[in-house]
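Participant:
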Amino acid sequence: MDTMADLQPGDKATIVSFTDDELSLKLLEMGCIPGEEIIFKKKAPLGCPVSIEVAGYLLSLRKAEAATVIVNCGK
Amino acid sequence: MENNSSNPSSPDSLQTIALVGNPNAGKSTLFNALTGLNQKTANFPGVTVDKKSGFFRIKNEISFTSYRLVDLPGTYSLYPKSLDERVTGEVLLDRKGIDYPDLIIAVADSTNLKRNLLLITQLIDLQIPMVLVLNMADEAKKNGVLIDTQLLAEELGIAVVEMNSRKGVGVEELKQLIKTVAVPKKNFIAQVGEESYAAYLQKQLLSENSADKQLERSEAKETLARYSKIKELIARTVRYEGKAKVIERSDRIDKMITHPLMGFLIFLGVLFIVFQTIFFVAEFPMTWIEDLFAWSGNHLTSLLPEGFLNDLLVKGIWAGLSGVVVFVPQIALLFAFISLLEDSGYMARVSFMMDRLMRQVGLNGRSVIPLISGVACAVPAIMGTRTISNMKERMITIMITPLMSCSARLPVYTLLISLLVDDGEGSGFFNRKGLYLFMMYLLGFVMAMLVALVMKFILKAKERSFFIMELPVYRLPQLKTVLITMYIKVKVFLWDAGRVIIVVSIVLWLLSSYGPSGRFEAIDAKYNALIEQSDSLQKDSLNTLMASEKLEASFVGIIGKGIEPAIRPLGFDWKIGISLITSFAAREVFVGTMATIYSSGDDENTLRIRDRMRAEINPATGKKRYDEAVCWSLMIFYAFAMQCVSTLAVVFRETKSYKWVFIQFLYMSVLAYVGSWITYSILS
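Here the protein sequences line up with chains W and H, keeping their order.
Under this note's numbering, the first residue of the first sequence is numbered 364, with each subsequent residue one higher.
Under this note's numbering, the first residue of the second sequence is numbered 314, with each subsequent residue one higher.
Printed below as a string of structure tokens:
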């Protein structure tokens with residue numbers, strides 16, 4: 364399974380689950396819900412953080428944080 | 314510091330309204346639209362989280378009802394992840410607290426309803442009378458989000474109003490709804506286990522620090538349950554059609570703004586404009602303010618009878634006031650920029666681009682603007698750190714900002730460098746004067762980064778450092794918001810920090826203008842006799858000599874001599890000691906004090922001070938007093954030492970703790986002393 368951090372700009376994926384309990388709470392309240400579709404938008408100029416489109420808005424998070432989100436990119 | 318006396322009606326009819334919502338949902342514009350300038354900023358008790366409150370009235374058939382509106386920190390849920398968010402939960406659960414609301418105005422971003430409804434449904438379950446504002450309703454329509462407001466109101470069991478707070482659309486409707494607002498008719502998750510939702514939240518808040526795994530799981534479960542209800546609700550009340558135009562436009566702007574090359578160039582450009590404005594543009598109004606105070610001070614002196622009261626009023630209080638008001642242009646201009654950058658959505662992108670670099674030293678992307686502003690003046694810069702929501706990162710930024718070489722150090726460096734480098738030397742692009750000055754600026758910056766790195770490991774974080782942040786869509790900033798921000802920040806500075814600065818500058822003035830009884834009278838007697846016999850040219854030089862002798866005899870002179878043994882290892886004598894003390898009012902006072910001590914009269918005339926200082930002989934060695942070692946040692950001292958009362962006053966206002974003021978003063982003093990000592994030891 365891929366994590367959100369493995370995605371490349373333009374990739375679409377679906378959120379499956381989380382690996383970090385504390386972070387998952389924060390991500391949940393920001394609209395990252397299992398089953399929700401996301402679009403990986405871009406990486407910051409220095410490679411981290413990254414930005415994704417989720418629930419109709421842009422969310423930015425660090426790569427290490429994105430690595431705690433397991434996604435299904437349908438490949 | 315709540316003061317209810319400023320509300321226009323009797324306390325019985327005053328209702329408290331809490332303004333709650335996600336960050337970026339447009340709470341501030343609604344707050345401004347309702348209260349206008351009738352607002353003030355303080356801290357919530359015990360924490361340095363901005364508490365904005367304001368008053369407004371709504372007309373009834375016969376009279377007015379007055380409301381106190383409290384803007385609670387923006388949050389995504391009632392389970393706090395940061396100190397700011399914690400405040401919101403605490404206020405809404407503490408039934409006996411002074412801010413416990415009679416009703417809630419919940420603000421939701423219509424473009425983004427699903428995420429916003431999480432907090433809204435939590436609020437509904439608190440069963441406090443509540444009205445929901447669907448903000449940015451027009452933007453949602455442009456994005457193809459069509460909300461059936463009436464159905465949504467029925468389903469949620471609360472009154473709902475569409476709004477566009479930036480244009481003031483819907484504000485009147487909101488006021489009408491406030492009059493008849495009721496307790497939510499429905500519940501989403503009424504009970505968790507045996508408890509009511511409010512009781513459950515209370516328990517969560519109390520146990521927050523223990524990071525209880527079980528609680529975390531139950532929070533997650535509860536959140537997911539909420540979302541599944543929200544999903545059904547959205548399916549019934551919202552239709553999505555067409556393209557998300559606003560988001561697409563934001564995407565296009567982002568391509569440029571966060572482009573690896575263009576992005577940094579644009580950022581450098583923005584920094585350059587901010588810096589130039591605070592450094593150079595602000596200087597014009599600052600000069601006007603100083604001139605105005607000097608001119609009116611002169612008039613005051615001549616109007617009042619001579620004596621102690623005249624001196625106290627003009628040279629003490631009036632001069633102290635001048636020293637406070639002179640900061641206003643810089644503060645107003647910096648906050649105009651910060652407000653523009655925040656409002657437009659650009660500041661979030663700065664964080665996005667700079668996070669990787671800044672977190673290496675425990676800072677935040679948002680630390681960049683305060684640090685650069687610190688090159689002009691630490692006072693507005695430290696006030697600007699409020700935009701950093703992580704407490705540890707904010708604290709480190711506050712602690713290191715005064716190390717950035719501020720404009721008050723410039724006259725000191727200029728004077729000392731002119732002692733090091735002869736005028737005769739070429740004035741090419743890479744002359745030594747410019748190079749030395751550049752080195753001092755660089756030194757300040759490098760030291761700031763080093764201290765930040767040390768503090769990153771020493772300071773304990775009360776909250777985990779997240780970088781999970783919304784990137785709001787780009788919006789045109791509003792002039793009204795910018796102006797209100799400027800006004801509020803200037804008011805806060807004048808009142809909260811200004812008082813301390815005035816008191817300290819009066820004390821400093823007293824100490825440098827008065828001495829133990831008898832000594833001043835003796836000097837007066839000696840010179841008055843001489844002055845009477847001399848012509849006008851001699852009178853001037855006699856007057857400056859008298860001023861010099863008086864300064865030496867004053868309390869400051871005595872203290873300067875007293876600390877001489879302590880500063881001798883740095884190469885300083887008591888004359889420098891006096892200047893170190895008077896510099897507390899502002900670093901550039903060093904030049905003026907040197908002028909008085911070396912009785913060069915006019916402190917505008919740097920050349921004369923320099924020549925006098927250059928001629929000074931160290932009696933112990935018989936050589937020049939201001940040799941290379943002493944000049945460098947002094948510059949290092951001024952680079953590191955916390956010699957600015959205004960900064961300390963602002964740090965206190967921003968941290969609400971003497972501990973941080975003391976730590977900053979202490980670490981910078983140690984740095985200055987050790988740095989100077991090493992410099993002097995190597996060079997002498």
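Glycine residues also receive a C-beta, built at the ideal position from the N, C-alpha and C atoms.
Given the structure is predicted, the values throughout are model-derived calculations rather than measurements.
So which residues on chain H does W:M364 lean against when the C-beta distance must stay under 8 Å?
Facilitator: Taking the first residue of the first sequence as position 1, residue 364 of chain W is located at position 1. Residues of chain H passing the Cβ test: none, with the nearest at roughly 20 Å.
Participant: Residues in the same chain with beta-carbon distance under 6 Å from H:G629, minus the five sequence neighbours each way, listed in chain order, please.
Facilitator: As a first step, residue 629 of chain H is located in the second sequence; it is residue number 316 there, counting from the start. Taken in chain order, the residues that qualify are I819 and W822.
Participant: Applying a beta-carbon distance threshold of less than 7 Å, which residues of chain W neighbour H:M666?
Facilitator: Along the second sequence, one-based indexing puts residue 666 of chain H at 353. The answer, in chain order, is A407 and P408.
Participant: May I ask whether a heavy atom of the ligand ATP can be found less than 7 Å away from the beta carbon of H:T536?
Facilitator: Questions concerning the ligand ATP fall outside what the structure shown contains, since it holds no ligand whatsoever.
Participant: Going by beta carbon distance, what residues of the same chain come within less than 6 Å of H:R679, once the five residues before and after it are set aside?
Facilitator: By 1-based counting over the second sequence, the position of residue 679 of chain H is 366. Within the same chain, H:R679 has close Cβ partners S664, T700 and I701.
Participant: For H:T388, count neighbouring Cβ atoms within 10 angstroms of its own Cβ and tell me buried if that reaches 16, exposed if not.
Facilitator: Position 75 of the second sequence, counted from the start, is the residue given in the question as residue 388 of chain H. Note on H:T388: 16 or more other CB atoms within 10 angstroms of its CB, so buried under the neighbour-count rule.
Participant: Please list, in chain order, the chain H residues whose beta carbon lies closer than 8 Å to that of W:M393.
Facilitator: Here the question's residue 393 of chain W lines up with position 30 in the first sequence. The contacting residues are Y389, R428, I781 and E783.
Participant: Residues of chain W with a CB under 8 Å from the CB of H:A777: which are they?
Facilitator: On the second sequence, position 464 is the one that residue 777 of chain H refers to. Reading off the sequence, residue 777 of chain H comes out as Arg, not Ala. Under the 8 Å cutoff, chain W gives E385.
Participant: Name the DSSP bridge partner or partners of W:R425?
Facilitator: Looking up residue 425 of chain W in the first sequence gives position 62. W:R425 is not bridged to any residue.
Participant: Among the candidates H:F780, H:I922 and H:Y726, whose CA atom is the shortest distance from the CA of H:E706?
Facilitator: Translated into positions along the second sequence, residue 706 of chain H becomes position 393. Cα-wise, what sits closest to H:E706 is H:F780.
Participant: Locate the alpha helix (DSSP H) running through H:M712, then write down its first and last residues.
Facilitator: One-based indexing of the second sequence puts residue 712 of chain H at position 399. Start and end: M704 to I713.
Participant: To the nearest angstrom, how far is the alpha carbon of H:N425 from that of H:T342?
Facilitator: Within the second sequence, the letter at position 112 stands for residue 425 of chain H. Within the second sequence, the letter at position 29 stands for residue 342 of chain H. Distance between the alpha carbons of H:N425 and H:T342: 18 Å.
Participant: Listed in chain order, which residues of the stretch 414-438 of chain H have Cβ atoms closer than 7 Å to some Cβ of chain W?
Facilitator: Against chain W - using a Cβ distance shorter than 7 Å - the residues of the stretch 414-438 of chain H are T424, N425, K427, R428 and L431.
Participant: Between H:L537 and H:V594, how many whole angstroms is the CB-CB distance? I'm expecting something under 8 Å.
Facilitator: Counting from one through the second sequence, the residue named residue 537 of chain H turns up at place 224. Counting from one through the second sequence, the residue named residue 594 of chain H turns up at place 281. Wrong, their Cβ atoms sit about 53 Å apart, outside the cutoff.
Participant: From W:L424 to H:L405, what distance separates their C-alpha atoms?
Facilitator: As a first step, residue 424 of chain W must be located in the first sequence, where it is residue number 61. As a first step, residue 405 of chain H must be located in the second sequence, where it is residue number 92. In a straight line, the C-alpha of W:L424 is about 29 Å away from that of H:L405.
Participant: Exposed or buried, which one is H:M948 when buried takes at least 16 other CB atoms within 10 Å?
Facilitator: Mapped onto the second sequence, residue 948 of chain H falls at position 635. With 16 or more Cβ atoms within 10 Å of its Cβ, H:M948 is classed as buried.
Participant: Only counting runs of 3 or more residues, tell me where the beta strand (DSSP E) segments fall wholly within the stretch 467-525 of chain H, in order along the chain.
Facilitator: 472-475
Participant: Classify H:A992 as buried or exposed, calling it buried when 16 or more other Cβ atoms lie within 10 Å of its own Cβ.
Facilitator: The residue labelled residue 992 of chain H in the question sits at position 679 within the second sequence. This sequence places Thr at residue 992 of chain H; Ala is not what is there. When all chains shown are included, H:T992 counts as buried.
Participant: For H:D656, count the other beta carbons within 10 Å of its own beta carbon; 16 or more makes it buried, fewer makes it exposed. Which is it?
Facilitator: Sequence index remark: in the second sequence, residue 656 of chain H carries index 343 (1-based). The residue in question, H:D656, is buried, as its Cβ has 16 or more Cβ neighbours within 10 Å.
Participant: Say whether chain H places a C-beta atom closer than 8 Å to the C-beta of W:C411.
Facilitator: As a first step, residue 411 of chain W must be located in the first sequence, where it is residue number 48. Output row for W:C411: interface = yes.
Participant: Is the stretch 846-860 of chain H close to the stretch 880-897 of chain H, with three or more CB pairs under 8 Å?
Facilitator: no
Participant: Could you check what DSSP says for H:G988 in three-state terms: helix, strand or coil?
Facilitator: To locate residue 988 of chain H, count along the second sequence from 1; it is residue 675. Helix at H:G988.
Participant: Assuming H:V484 and H:A346 are in contact, meaning their beta carbons sit under 8 Å apart, how far apart are those beta carbons, in whole angstroms?
Facilitator: Counting from 1 along the second sequence, the entry for residue 484 of chain H is found at position 171. Counting from 1 along the second sequence, the entry for residue 346 of chain H is found at position 33. That pair is a contact at about 5 Å.
Participant: Just the C-alpha distance for H:G884 and W:A429, rounded to the nearest angstrom, thanks.
Facilitator: Counting from 1 along the second sequence, the entry for residue 884 of chain H is found at position 571. Counting from 1 along the first sequence, the entry for residue 429 of chain W is found at position 66. Between H:G884 and W:A429, the C-alpha separation is close to 55 Å.
Participant: In chain order, what residues of the stretch 537-549 of chain H put their CB closer than 8 Å to some CB of chain W?
Facilitator: L537 and Y540
Participant: What first and last residue would you give for the beta strand (DSSP E) that runs through H:Q328?
Facilitator: Here residue 328 of chain H refers to the residue found at position 15 when the second sequence is read from its first residue. Its beta strand (DSSP E) spans residues Q328 to G334.
Participant: H:M443 bridges to which residues according to DSSP?
Facilitator: Stepping through the second sequence from its first residue, residue 443 of chain H is reached at position 130. DSSP output for H:M443 lists H:I417 as bridge partner(s).
Participant: Would DSSP call H:Y380 helix, strand or coil?
Facilitator: Taking the first residue of the second sequence as 1, we reach residue 380 of chain H at position 67. In the structure shown, H:Y380 sits in a strand (DSSP, three-state: E or B).
Participant: Using a Cβ cut-off of 8 Å (strictly closer), state whether W:K389 contacts chain H.
Facilitator: Mapped onto the first sequence, residue 389 of chain W falls at position 26. Answer yes: the Cβ-Cβ gap between W:K389 and chain H drops below 8 Å somewhere.
Participant: Since W:G373 meets chain H, which of its residues come closer than 7 Å, beta carbon to beta carbon?
Facilitator: Position 10 of the first sequence, counting from 1, holds the residue named residue 373 of chain W. The contacting residues do not exist; W:G373 stays about 12 Å from chain H at best.
Participant: Check whether chain W comes within 8 Å of H:S318, counting only Cβ atoms and requiring the distance to be less than that.
Facilitator: Counting from one through the second sequence, the residue named residue 318 of chain H turns up at place 5. Only weak support exists for where H:S318 lies, its pLDDT of 41 falling under 50; the value from the coordinates is given anyway. So, not an interface residue.
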